[in-house]
Amino acid sequence: MQRSAGSRRRRRNTSRPFLGGAMAVIAAGALTVTGLVSTAQAADVNNAKNAGFESGLANWSCSAGSGATVSTPVRSGTSALKATPAGQDHAKCTQTVAVKPNSTYALSSWVQGGYAYLGVTGSGTTDVSTWTPGSTTWTKLNTSFKTGANTTSVTVYTHGWYGQSAYFADDVEVTGPDGGGGGDGPGPVIPAAPAGLTAGATTTSSVALSWNAVSGATGYKVYRDGVQATTSTGTSATVAGLAADTAYQFTVSATNAAGESVKSAAVSARTAKPGSGGPGPSVPKHAVTGYWQNFNNGAAVQKLTDVPADYDIIAVSFADATPTPGAVTFKLDSAGLGGYTDAQFRADIKTKQAQGKNVIISIGGELGTVRIDNDASATAFANSVYALMQDYGFNGVDIDLENGLNATYMTKALRQLSAKAGSGLVITMAPQTIDMQSTSGEYFKTALNIKDILTVVNMQYYNSGSMLGCDGKVYSQGSVDFLTALACIQLEGGLDPSQVGIGVPASTRGAGSGYVAPSIVNAALDCLTKGTNCGSFKPSKTYPSLRGAMTWSTNWDATAGFAWSKAVGPHVRSLP
3 MQRSAGSRRR
13 RRNTSRPFLG
23 GAMAVIAAGA
33 LTVTGLVSTA
43 QAADVNNAKN
53 AGFESGLANW
63 SCSAGSGATV
73 STPVRSGTSA
83 LKATPAGQDH
93 AKCTQTVAVK
103 PNSTYALSSW
113 VQGGYAYLGV
123 TGSGTTDVST
133 WTPGSTTWTK
143 LNTSFKTGAN
153 TTSVTVYTHG
163 WYGQSAYFAD
173 DVEVTGPDGG
183 GGGDGPGPVI
193 PAAPAGLTAG
203 ATTTSSVALS
213 WNAVSGATGY
223 KVYRDGVQAT
233 TSTGTSATVA
243 GLAADTAYQF
253 TVSATNAAGE
263 SVKSAAVSAR
273 TAKPGSGGPG
283 PSVPKHAVTG
293 YWQNFNNGAA
303 VQKLTDVPAD
313 YDIIAVSFAD
323 ATPTPGAVTF
333 KLDSAGLGGY
343 TDAQFRADIK
353 TKQAQGKNVI
363 ISIGGELGTV
373 RIDNDASATA
383 FANSVYALMQ
393 DYGFNGVDID
403 LENGLNATYM
413 TKALRQLSAK
423 AGSGLVITMA
433 PQTIDMQSTS
443 GEYFKTALNI
453 KDILTVVNMQ
463 YYNSGSMLGC
473 DGKVYSQGSV
483 DFLTALACIQ
493 LEGGLDPSQV
503 GIGVPASTRG
513 AGSGYVAPSI
523 VNAALDCLTK
533 GTNCGSFKPS
543 KTYPSLRGAM
553 TWSTNWDATA
563 GFAWSKAVGP
573 HVRSLP
């Protein structure tokens, strides 16, 4: 929005193991058991390290992040491996084990759950494996192998099977002559401090927290203002019994049999005010969005209460960047708005909300320089936007970053914000036409990534020039075909019709180009929802639940005598 005037690879059946191969494995297992397994000698040791997974996944590597340690079920000790097949990954976990050449080793592991395989590669002789189709109790897999003349290490592995449930493994043994690796390896060590501590949803008496898992940890302690508040065996906890509208500081530590880690970096959170913290007004099935200017650029200066009732979502424009990457702030331009005070502004937000309207904070605009391109900036964005929501009472956020965005980290930022704000959060987006030409674009990817929490995308159908429609033809801005053929890309590209809106200028002075009369906007809405009043382009089907329309801005609308909202507002509400 302008602040100035005018401006795959093939694979086998994934529903079950390939039985021919499985039978061969069974046969091979039977041969190795009868031909090679021998009673371990007194000097034999278990050469596998972290064999019981008491130190997390130390010494183990699992494909595609499929492995994790769990505290139940366990066969012995306090931990076991849980590995979960997904898609084309069969949850393979491996360890390189030091062995002696020309030696015989007994290989075993206890397993439970889905299909589970145990085997070895790199033996220098015949590599072996064995498997079980699953069990609800701990079952021991046994086989053995002999090393070659030059073999000093082998790779021991476990894995599940495509399309099957997770398997558990515990107490892996590679028993035979000491290969020089030091036997079963060290016992548990004090874990590292947890990272990624984030405050989520709050109520008047509680704060939800989450953090990243720590290797080797069997539990976590959560501290509030330096005093232990609760414990957790997972990576989240809710601290309850707090006072309303009060700021707290939280840290978390990781624990295991060896002791407790140092505390994490602190995170602050404020509990909700009494009477706040619940969902805001719901957004109507069909809605009109308008941007309200927190600056004077020649358009009519307004208070929020001057915005007509035709607008269902009011996007306050704009929050500003801070020196902290990703973080934003907001300050009312009281002088530029004719003495409109901060207290009046806050009271007017509540007035609009009492009328069933949503007031959100918009990020970006033509001159916006907010960048979210790593984890730290994503967290800073979520925390700062949520702080503004708590401070002013905003119902959500609008993303209007016209200088580009990173889909990976904007997705993370908005999901963190959603976790804090809860189900009442309103998220709107206002990409330029070029940003929504393909689902491979960062804006489009972001919208699809957050489809489950996204309210509406109001693409800017102006300041654009000619663009491709969903039929591959070129359409010029300023026509009903431009609106309908470009909206079709979003509608057929994965967004729900309720998440698509048409964004246009409220007057000829609201943008450099692309203004269309309100009657053209209404015709495009009819074409998309009912199949009537179309131009040369007519979509192959109708989208009755299309969300509605947006305009830049309520101030330019006021300058033109509210001609846009008086015509488009009632029409949107009359849609099927």
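Convert by adding 2 to the 1-based position in the sequence shown; the result is the number in my numbering. Glycine included, every Cβ here is placed at the ideal spot set by N, Cα and C.
Name the two residues that bound the continuous beta strand (DSSP E) containing Lys550.
Note on identity: in this sequence residue 550 is Gly, with Lys being the wrong assignment. It spans Gly550 to Trp554 - the beta strand (DSSP E) in which Gly550 sits, taken as one unbroken run.
What are the start and end residues of each continuous alpha helix (DSSP H) run of 4 or more residues lying completely inside the segment 432-462, in chain order?
444-451
Examine the Cβ distances between the segment 299-314 and the segment 451-465 and report whether three or more of them are shorter than 8 Å.
no
Note down, in chain order, each residue of its chain lying with its Cβ closer than 7 Å to the Cβ of Phe564, except the 5 sequence neighbours on either side.
Pro310
Looking at the secondary structure, which residues open and close the beta strand (DSSP E) in which Ser316 lies?
Per the sequence shown, residue 316 should be read as Ile rather than Ser. Start and end: Ile315 to Ala323.
Please determine, among Thr307, Ile374, Lys148 and Lys532, the residue with the shortest C-alpha to C-alpha distance to Asn405.
Ile374
Rounded to whole angstroms, what is the Cα-Cα separation between Leu470 and Thr441?
14 Å
Gly414 versus Ser420 - alpha carbon distance
For the sequence presented, residue 414 should be read as Lys rather than Gly. If I take the Cα positions, the gap works out to 10 Å.
In whole angstroms, what is the alpha-carbon distance linking Ala508 and Gln479?
15 Å
Mind the definition here: the segment 134-146 touches the segment 84-93 only if three or more C-beta pairs lie below 8 Å; say whether that holds.
no
Hey, Gly537 and Val482: beta-carbon distance below 8 Å or not?
yes
As assigned by DSSP and simplified to three states, the class of Asp402
strand
Report yes or no: do three or more beta-carbon pairs, one from the segment 486-506 and one from the segment 538-547, lie closer than 8 Å?
yes
If we call anything under 8 Å between Cβ atoms a contact, is Val122 one with Gly178?
no
Own chain residues within Cβ distance below 6 Å of Ser234, not counting five before or after:
Tyr222
Expressed to the nearest angstrom, what Euclidean distance is found between the alpha-carbon atoms of Ser270 and Gln251?
4 Å
Please report the distance separating the alpha-carbon of Thr253 from that of Asn61.
29 Å
What's the gap between the Cα of Asp247 and the Cα of Thr206?
7 Å
For Val216, is the classification buried or exposed, using 16 other Cβ atoms within 10 angstroms of its Cβ as the cut-off for buried?
buried
Rounded C-alpha distance that separates Arg417 from Lys148:
52 Å
Can you look up Ala246 in the DSSP assignment and give me helix, strand or coil?
coil
Distance, Asn296 Cα to Ser336 Cα
9 Å
In this structure, how does DSSP classify Ala108 when only helix, strand and coil are distinguished?
strand
Identity of the residue in Val387, Asp400, Ser425 and Val372 nearest Asn408 by Cα
Val372
As assigned by DSSP and simplified to three states, the class of His161:
strand
Since Trp294 is in the beta strand (DSSP E), which residue starts that stretch and which ends it?
Ala289 to Gln295
Relative to the C-alpha of Cys95, which residue among Gly124, Gly328 and Ser65 is closest?
Ser65
Option nearest Asp227 by Cα separation, candidates Leu244, Thr220, Ala219 and Gly218:
Leu244
What would DSSP say about Val216, mapped onto helix, strand or coil?
coil
Considering only residues of the segment 524-576, which uninterrupted beta strand (DSSP E) runs meet the minimum length of 3 residues and lie entirely inside it, listed in chain order?
550-554
Could you pull out every residue in the same chain whose Cβ sits closer than 6 Å to the Cβ of Ala569, ignoring the five residues on either side in sequence?
Pro520
The alpha helix (DSSP H) that contains Glu494, what's its start and end?
Val482 to Glu494
Could you tell me the distance, in whole angstroms, from the CA atom of Val130 to the CA atom of Gln97?
15 Å
Which residue marks the beginning of the beta strand (DSSP E) containing Lys148, and which one marks its end?
Ser137 to Lys148
When burial is assigned at 16 or more other CB atoms within 10 Å of the CB, is Gln230 buried or exposed?
exposed
Buried or exposed: where does Pro433 fall if 16 or more other Cβ atoms within 10 Å of its Cβ makes it buried?
buried
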